[in-house]
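Sequences listed follow chains A and B, in order. Residue 313 in this note's numbering is what sits at position 61 of the first sequence, and the numbering runs on without skipping anything. Residue 336 in this note's numbering is what sits at position 167 of the second sequence, and the numbering runs on without skipping anything. A virtual CB, placed ideally from N, CA and C, is assigned to each residue, including glycine. Source: prediction; values computed, not measured. The block underneath contains the structure these notes are about, expressed in structure tokens.
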Amino acid sequence: MTNCFRHNYDNLQSKSCIINRIYDENNKYEDLKHFTKLSWDIYSNRLGDESNDFYRAGKNEFDLNNNEIIRKVLEMDIPKKISLSVTSDKSLHYTFRFNDFVLFIETYLSLEFENETYIEFFKDKELILEGHFDIEDGLGSIFETYKKRGGKTVEFIPSLLDACGAE
Amino acid sequence: MLVEQNETYPQRLISSRNKILAVSEQVCSDCKMIYRSEIGLYTIGQEIDPEVVNLERFCGLSVNSLLCKVHPLSSDCSEDDVKYIIDGDNKKELIKLFQTDEQIPEIEEIEYLFNENLKVIGFKKGAIEAIDGNYPFTKNGSQQSEDDPYKFKIEVKYEPNPTNVFHFEVTLYGNHPKGNVKLGEFHKLKGRTSDKKYLKSIISKIKNRIINNEFLFQI
Chain A
253 MTNCFRHNYD NLQSKSCIIN RIYDENNKYE DLKHFTKLSW DIYSNRLGDE
303 SNDFYRAGKN EFDLNNNEII RKVLEMDIPK KISLSVTSDK SLHYTFRFND
353 FVLFIETYLS LEFENETYIE FFKDKELILE GHFDIEDGLG SIFETYKKRG
403 GKTVEFIPSL LDACGAE
Chain B
170 MLVEQNETYP QRLISSRNKI LAVSEQVCSD CKMIYRSEIG LYTIGQEIDP
220 EVVNLERFCG LSVNSLLCKV HPLSSDCSED DVKYIIDGDN KKELIKLFQT
270 DEQIPEIEEI EYLFNENLKV IGFKKGAIEA IDGNYPFTKN GSQQSEDDPY
320 KFKIEVKYEP NPTNVFHFEV TLYGNHPKGN VKLGEFHKLK GRTSDKKYLK
370 SIISKIKNRI INNEFLFQI
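Here is the structure:
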């Protein structure tokens, strides 16, 4: 009887922990979305005004990939620092700093060809991944490299909390 | 605010053969190099803003040395030296490379402006010159073949001009094939004219090294 109670109690505790964690991560996801949008709003004028072709290309790139980048980063860990800059080189440049890892994602905009994304990933100052990727493959490679190099990952599904609430 | 000055231009910044020799003997890898910027160093995320290392700016970036305190000429350097902007009809002559003492200008003839609102960014000469690497980025992070990747390096070159004895220039070199340059030989890269395909990779790597190691600081 006691064991059964204990089991149910532990089970409930563990569920509660999971829900709290999902809740925290959903909050973090919204925070980072908000923060990167704010960064875009501040720095995007370096591409020109809103009628400029590069501005529009940058906005498309941001709208298309920003949420996915944040989602994948949060699957790895909650970054200690995050920075998004838009440069007059016509690029969107992300910096994510974790405990031992630092990740850089820079996408150069092009009006004639596909945008080019360069990734560099460091652990304790050692370069552990670099290359020219499309975003989806690049995020996949970062995630795999992170796991291989001892990074702890979490399954992060932004809509999970809503699903829990609906039950 | 850009202020036209009534005072004469600082004599301590004027070049001569002797002073150039002294600066070149004294400058070391621990000396700070400074440059002016209209924007702050950090983003709202409190990381170095890669905009301060942008592609066109970084190739041939003009910097001034702020010599270490141990060097006798350090008292002739000031953090404000990069806020002087040479002006007037003879500007071209006053900012071209100094070669002979015949170029020593009459101090009263130097017209200049002083912009006190500019921000000043600095780095250690040795830290920036230690940045090197391969380019371009390989597709999907595949291993580079031994023959394939080209190498880049950075030199902070002493380039004094008649009105600025402490003037240096950040010079970027790469060894990808170009015109008559021999295979593997390093040649100077220029922000506006060099092959953008290569420059983007190089500048991206330089930005990341600088941010990762926090090589820049606000003066």
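Item to complete: Note the first and the last residue of the continuous alpha helix (DSSP H) segment covering residue 301 of chain A.
Response: According to the DSSP assignment, residue 301 of chain A belongs to no alpha helix (DSSP H), since it is labelled neither H nor E.
- Query: Count the other CB atoms within 10 Å of the CB of residue 372 of chain A; is the residue buried (16 or more) or exposed (fewer)?
  - Reply: Per the 10 Å Cβ criterion, buried.
Mind checking the stretch 329-344 of chain B against chain A and listing, in chain order, the residues whose C-beta falls within less than 7 Å of any C-beta there?
Identification of residues in the stretch 329-344 of chain B having a C-beta nearer than 7 Å to some C-beta of chain A yields an empty set.
For the beta strand (DSSP E) holding residue 289 of chain B, just list the boundary residues, first then last. Here the beta strand (DSSP E) through residue 289 of chain B covers 288-293.
Per DSSP, residue 378 of chain A forms a beta bridge with which residues? The partner list for residue 378 of chain A (beta bridge, DSSP) reads A/375.
Discussion item. Does any residue of chain A have a CB that is nearer than 8 Å to the CB of residue 291 of chain B?
Written reply: Chain A, which has no Cβ nearer than 8 Å to the Cβ of residue 291 of chain B, makes this no.
Worksheet item: Quick one, which of B/297, B/266, B/216 and B/304 has its alpha-carbon nearest residue 383 of chain A's?
Response: Closest by alpha carbon: B/304.
Next on the checklist: Between residue 286 of chain B and chain A, is the shortest Cβ-Cβ distance under 8 Å, so that the two count as touching?
Outcome noted: With 8 Å as the cut-off, residue 286 of chain B does not count as an interface residue toward chain A.
Discussion item. Across the stretch 222-238 of chain B and the stretch 186-196 of chain B, are there enough close Cβ pairs to call them in contact, namely three or more that are closer than 8 Å?
Written reply: Here the stretch 222-238 of chain B lies against the stretch 186-196 of chain B, with 3 or more beta-carbon pairs under 8 Å apart.
- Determine the contact status of residue 405 of chain A and residue 327 of chain A, defining contact as a CB-CB distance below 8 Å. Yes, the pair counts as a contact, with Cβ atoms nearer than the cut-off.
Q) Within this structure, are the beta carbons of residue 184 of chain B and residue 297 of chain B separated by less than 8 Å? A) Contact flag unset, no.
- Item | Bridge partner(s) assigned by DSSP for residue 427 of chain A | Any answer about residue 427 of chain A is impossible in this case: the structure gives chain A only from 253 up to 419.
Taking just the CA atoms, how far does residue 371 of chain B sit from residue 381 of chain B? Rounded to whole angstroms, residue 381 of chain B and residue 371 of chain B show a C-alpha spacing of 15 Å.
key: Residue of A/368, A/363, A/387 and A/345 minimising C-alpha distance to residue 305 of chain A   = Considering only alpha carbons, the answer is A/363.
Mind listing the chain B neighbours of residue 370 of chain A? Cutoff is C-beta to C-beta under 7 Å, in chain order. Correct list: 306, 370 and 373.
> Relative to the alpha-carbon of residue 318 of chain B, which residue among B/335, B/215, B/244 and B/346 has its alpha-carbon at the smallest distance?
Replying inline: That would be B/346, whose Cα lies nearest to the Cα of residue 318 of chain B.
Integer Cβ distance of residue 346 of chain A from residue 321 of chain A, believed to fall under 8 Å
Confirmed, about 7 Å.
Any C-beta of chain B within less than 7 Å: which residues of the stretch 379-398 of chain A qualify?
Within the stretch 379-398 of chain A, the qualifying residues are 381, 382, 383, 384, 385, 389 and 393.
Give me the Cβ distance between residue 292 of chain B and residue 331 of chain B, rounded to the nearest whole Å; I'm assuming they're in contact under 8 Å.
-> That pair is no contact at about 26 Å.
So who's on the other strand from residue 405 of chain A, going by DSSP bridges? Residue 405 of chain A pairs with nothing; no bridge assigned.
* Under 8 Å between the Cβ atoms of residue 357 of chain A and residue 369 of chain A? -> Yes, the pair counts as a contact, with Cβ atoms nearer than the cut-off.
Which partner residues does residue 286 of chain A have in the DSSP bridge list?
Paired residues: none, contrary to the question.
- Message: Check whether chain B comes within 8 Å of residue 320 of chain A, counting only Cβ atoms and requiring the distance to be less than that.
- Response: So, not an interface residue.
Margin query: So, with DSSP's three-state summary, where would you put residue 387 of chain B?
Written below: Strand.
### Alpha carbon of residue 388 of chain A to alpha carbon of residue 307 of chain A, nearest angstrom
Those two C-alpha atoms are separated by around 22 Å.
| request: Identify every run of the beta strand (DSSP E) within the stretch 312-361 of chain A, keeping only runs that are complete inside it and at least 3 residues long; order them along the chain. | output: Counting only runs of 3 or more, we get 333-339, 343-349 and 353-360.
Review point. Any idea if residue 365 of chain A is buried or exposed, counting beta-carbon neighbours within 10 angstroms, 16 or more meaning buried?
Key: Exposed, by the Cβ-count rule.
**OP:** Give a yes or no on whether the C-beta atoms belonging to residue 295 of chain A and residue 369 of chain B are separated by under 8 Å.
**Re:** Remark: C-beta atoms of residue 295 of chain A and residue 369 of chain B do not approach each other more closely than 8 Å.
Let me know the secondary structure DSSP gives residue 332 of chain B once reduced to three states.
Coil, per DSSP.
From residue 367 of chain B to residue 399 of chain A, what does the alpha carbon distance come to, in whole angstroms? Roughly 31 Å separates the two Cα atoms.
Integer-rounded CB distance, given that residue 207 of chain B should sit under 8 Å from residue 282 of chain B:
Going by Cβ atoms, the distance from residue 282 of chain B to residue 207 of chain B rounds to 14 Å, so no, they are not a contact pair.
Checklist line | Beta carbon of residue 358 of chain B nearer than 8 Å to that of residue 228 of chain B | finding: Using a Cβ distance threshold of 8 Å, residue 358 of chain B and residue 228 of chain B count as a contacting pair.
| query | Which bits of chain B does residue 374 of chain A rub up against, with CB to CB less than 7 Å? | reply | Neighbours of residue 374 of chain A on chain B, chain order: 381.
### Query
Does any residue of chain B bring its CB to less than 8 Å from the CB of residue 356 of chain A?
Cβ-Cβ to chain B under 8 Å: yes for residue 356 of chain A.
Discussion item. Are the CB atoms of residue 232 of chain B and residue 204 of chain B within a distance shorter than 8 Å?
Written reply: Going by C-beta atoms, residue 204 of chain B is nearer than 8 Å to residue 232 of chain B.
Identity of the residues DSSP links to residue 322 of chain B by a beta bridge:
Residue 322 of chain B is bridged to B/301 and B/342.
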